[in-house]
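Enquirer: For the sequence shown, position 241 matches number 394 in this note's numbering, and the numbering has no gaps at all.
Glycine included, each C-beta is placed from N, C-alpha and C at the ideal position.
First the structure, which I've put down as structure tokens, then a few questions once you've had a look.
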Amino acid sequence: MLKNTSRRRAITLVEILIATSVFSLFMVSVFGVFEYTRSGFETGSWRVQRQKNAQTFLLRLKDLLERSNHPYQVAPNGATVRVSTSPVVVNDAWFNKVAPTTNNGIMYFSITSPYVPRQDELGQPERPGVWKGVGLDCKNKTLKLYLTGVWDQMPPHTPAEIGSPNPARFEFGKTDGDFIMSLPDVAAAGVFVSAATQTTDIKRPTVFLTVELLLEHPKSRQKVQITETMTASIVDRELVDVETRSAGSFPIP
């Protein structure tokens, strides 16, 4: 009687090691693809979110810059008369150039409503103007933009020219509309100023002030950057009304 005997070949240690190595390489490849996909997704999400944040931030700054002005008083005939000069002050570290951000203030200016004196013949009571201060600071690559009606809430290094020329006529302390907003991951910034060559009102000079921001992903293995730019048209300003302070001024603790 014949018997069929089946023999199963034993798997050797070498074969096990080879199979394990192949499987490991496969898993490493899969993990690499997963990691690459995840990294690409995170980078794309960061880019979209930061671009949106930067555009919102710059639009808010643009609105404030275009409202910045010198203090004015309304004369009895209805004309407005400038009572003092209030400059836009820019840190020279970023003036007319893009440079890495540091822990310093970048720009300061003010917004005032006109002072209306009392006019008894018209039955018009006195109406004080209102002062607002604006600051753009940077700390740890995060920009902070703020509007405040309280002088003591401005940094101690704020130039005195930004303050009220006469607190009795241009009042401190009005907090309606005050706000603070921030923008992280700002690696570099620049503030560029030029005279406007064409304006709608030739009697009121205008300057263009452009702010450029370079944002950089803080955790990406490869350098991922986006650039956003805004230009504000500031009426009733000449180039001399945009002043600078030496690089290193306005340290933020």
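Let me check understanding here. Comparing Cα to Cα, which of Val-360, Glu-279, Ala-321 and Val-344 lies closest to Gly-258?
Expert: Start at 1 with the first residue of the sequence shown, and residue 258 comes out as number 105. It is Val-344.
Enquirer: Per DSSP, Lys-285 forms a beta bridge with which residues?
Expert: Position 132 of the sequence shown holds residue 285. Note: Lys-285 sits in a beta bridge opposite Ile-264.
Enquirer: For Ala-342, does the three-state DSSP call read helix, strand or coil?
Expert: Sequence index remark: in the sequence shown, residue 342 carries index 189 (1-based). In the structure shown, Ala-342 sits in a strand (DSSP, three-state: E or B).
Enquirer: Applying the 10 Å Cβ sphere with the 16-neighbour rule, what's the burial state of Thr-254?
Expert: Position 101 of the sequence shown, counted from the first residue, corresponds to residue 254. That one is buried.
Enquirer: Short check: CB of Leu-392 to CB of Val-339, under 8 Å?
Expert: Within the sequence shown, numbered from 1, the residue matching residue 392 stands at position 239. Within the sequence shown, numbered from 1, the residue matching residue 339 stands at position 186. No.
Enquirer: Rounded to a whole number of angstroms, what is the C-alpha to C-alpha distance between Phe-187 and Arg-390?
Expert: Here the question's residue 187 lines up with position 34 in the sequence shown. Here the question's residue 390 lines up with position 237 in the sequence shown. Unreliable placement is indicated for Phe-187, whose pLDDT of 46 sits below 50; the coordinate value is still reported in the next sentence. The straight-line gap from Cα to Cα measures roughly 55 Å.
Enquirer: Looking at the unbroken beta strand (DSSP E) that takes in Gln-277, where does it start and where does it end?
Expert: The count along the sequence shown starts at 1 and reaches residue 277 at position 124. Per DSSP, Gln-277 belongs to no beta strand (DSSP E) and is neither H nor E.
Enquirer: Just checking my contact of Leu-367 with Gln-378 at CB under 8 Å: how many whole Å lie between their CB atoms?
Expert: Working through the sequence shown from its first residue, we reach residue 367 at position 214. Working through the sequence shown from its first residue, we reach residue 378 at position 225. With 8 Å as the limit, Leu-367 and Gln-378 qualify as a contact, their Cβ atoms being about 6 Å apart.
Enquirer: Pro-278 and Arg-322 look like a contact to me (Cβ under 8 Å); what is the Cβ gap, rounded to whole Å?
Expert: Counting from 1 along the sequence shown, the entry for residue 278 is found at position 125. Counting from 1 along the sequence shown, the entry for residue 322 is found at position 169. Incorrect: roughly 14 Å between the Cβ atoms, too far for contact.
Enquirer: To which residues of the same chain is Ala-228 closer than 7 Å at the C-beta, ignoring the five residues directly before and after it?
Expert: To locate residue 228, count along the sequence shown from 1; it is residue 75. Answer for Ala-228: Val-234, listed in chain order.
Enquirer: May I ask you to list the residues that DSSP assigns as paired with Val-227?
Expert: Your numbering for residue 227 matches position 74 in the sequence shown. Answer is Thr-233.
Enquirer: Arg-398 lies in the beta strand (DSSP E); which residues open and close that run?
Expert: Position 245 of the sequence shown, counted from the start, is the residue given in the question as residue 398. Element bounds for Arg-398: 395 to 398.
Enquirer: Let me confirm a value: Ala-232 is counted as buried when at least 16 other C-beta atoms fall within 10 Å, else exposed. Which label applies?
Expert: Within the sequence shown, numbered from 1, the residue matching residue 232 stands at position 79. Under this definition Ala-232 is an exposed residue.
Enquirer: So does the segment 314 to 329 actually touch the segment 236 to 246, counting three or more Cβ pairs closer than 8 Å?
Expert: The segment 314 to 329, when compared against the segment 236 to 246, does touch it at the 8 Å Cβ threshold.
Enquirer: Mapping the DSSP letters down to three states, classify Thr-165 as helix, strand or coil.
Expert: Within the sequence shown, residue 165 is the residue found at index 12, counting from 1. Correct three-state label for Thr-165: coil.
Enquirer: Quick one, which of Gly-286, Ser-402 and Leu-362 has its alpha-carbon nearest Leu-211's?
Expert: Here residue 211 refers to the residue found at position 58 when the sequence shown is read from its first residue. Of the listed residues, the one whose Cα sits closest to Leu-211 is Leu-362.
Enquirer: When the Cα atoms are used, what is the spatial distance from Asn-249 to Cys-291?
Expert: For the purposes of this step, residue 249 is taken as the residue at position 96 of the sequence shown. For the purposes of this step, residue 291 is taken as the residue at position 138 of the sequence shown. The straight-line gap from Cα to Cα measures roughly 18 Å.
Enquirer: Determine the direct distance from the alpha carbon of Gly-330 to that of Thr-382, and round the result to whole angstroms.
Expert: Residue mapping note: residue 382 aligns to position 229 of the sequence shown, counting from 1. Residue mapping note: residue 330 aligns to position 177 of the sequence shown, counting from 1. Using only the alpha carbons, I get a separation of about 25 Å.
Enquirer: Check whether the Cβ atoms of Ile-264 and Lys-297 lie closer than 8 Å to each other.
Expert: Numbered from 1 along the sequence shown, position 111 holds the residue referred to as residue 264. Numbered from 1 along the sequence shown, position 144 holds the residue referred to as residue 297. Cβ atoms of Ile-264 and Lys-297: not closer than 8 Å.
Enquirer: Can you give me the C-alpha to C-alpha distance between Leu-217 and Asn-293, rounded to a whole angstrom?
Expert: Residue 217 sits at position 64 when you count from the first residue of the sequence shown. Residue 293 sits at position 140 when you count from the first residue of the sequence shown. Approximately 24 Å, taken between the alpha carbons.
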